[in-house]
Amino acid sequence: HRVQRVPVTETQGRIHTSAATVAVLPEPEELDIIIRPEDLQIDVMRSGGPGGQHQNKTESGVRITHLPTGTVVNCRDERSQHKNKSKAMRILRGRLFDQIAEKTRSERDQTRRTLIGSGDRSQRIRTYNFPQNRVTDHRIGLTLYNLDRVIQGDLAPLTTALIDHDRREQLGEV
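Take the sequence shown: its letters are residues 1 to 174, numbered as in this note's numbering.
Following this line, the structure appears as C-alpha cells:
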C-alpha cells in the first residue's frame, strides 16, 4: 500500500509518499501428533553401564525408531523397560512436534515473504492519496474519490469491485 499525504509539519505543501506492506495469513492450527504403532520400530537392549548383575541380565533399555522420519530415541534411564519405553515415547512425541512446528513455521514464513514481496513502492496494491481524497486499487484499475469514507471503514465499494473482478477473472472474461 502506498500513502500520499501532506504532513502538518510540511511548510511548502510537498506531498510525502510512504509505503507499507500487509500480509494476511490464517491463524495457525493446533498441532496434534498421532503416532501410529506400525510406524514404530521398538528395540530392547541391555542398558549397560555400572549396576552389576541386574544391568547385565535385564533388557531394560529401549530404542524407538519412527520409520517415516527416521527419528531415533534411546532411553536407558530407568530400571524398568516400561518406564523407559514411556519416557522414550514422550521424547519422540516432543521431537516430532518440533519437526512439524519448524516445517509449518518455514512454510508460513515463505508464504509471508511471497505475499509481501520486496516492499518497494513500485509494488503497490493500493494508493491512498489524501490531498485528492482518492483511493486507487492498482490491481483492478479502480479509482474512488471517497478516501475519508474508506478510512472510516466504508469498504463496501472496494470489496464489491474486487469481488466482481475476481468473478470475471474466474469466468475468463478479463
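Here a beta-carbon is modelled for each residue, glycine too, at the ideal position from N, C-alpha and C.
Counting the other Cβ atoms within 10 Å of the Cβ of Tyr128 gives 16 or more, which makes it buried.
Using a 10 angstroms sphere on the CB of His82, the tally of other CB atoms stays under 16, which defines it as exposed. Under DSSP, the beta-bridge partners assigned to Asp137 are Arg126, Leu142.
If the five residues before and after Gly13 are omitted, its C-beta is found closer than 7 Å to the C-beta atoms of Val6, all from its own chain and listed in chain order. Counted as a single uninterrupted DSSP element, the alpha helix (DSSP H) harbouring Thr114 occupies residues 81-116. Beta-bridge annotation (DSSP): His16 is paired with Arg5. DSSP, reduced to helix, strand and coil, places Gln170 within a helical segment of the structure shown. For the pair of segments examined, the stretch 22-33 was found to touch the stretch 83-99: the number of CB pairs separated by less than 8 Å reaches three.
The stretch 141-148 and the stretch 60-69 do not touch, with fewer than 3 CB-CB distances between them shorter than 8 Å. Per the DSSP secondary-structure output, Gln41 pairs in a beta bridge with Thr65.
Boundaries of the beta strand (DSSP E) harbouring Val73: 71-75, taken from the DSSP string.
Beyond the five residues adjoining it in sequence on each side, Phe97 comes within less than 7 Å, by CB distance, of Leu31, Ile33 in the same chain, given in chain order. Within the same chain, and ignoring the five residues on either side of Asp39 in sequence, the residues whose Cβ sits closer than 8 Å to its Cβ are His66, Leu67, Pro68.
Counting other Cβ atoms within 10 Å of its Cβ, Thr136 reaches 16 or more and is therefore classed as buried.
Going by DSSP, Ile151 is part of the alpha helix (DSSP H) stretching over 147-151.
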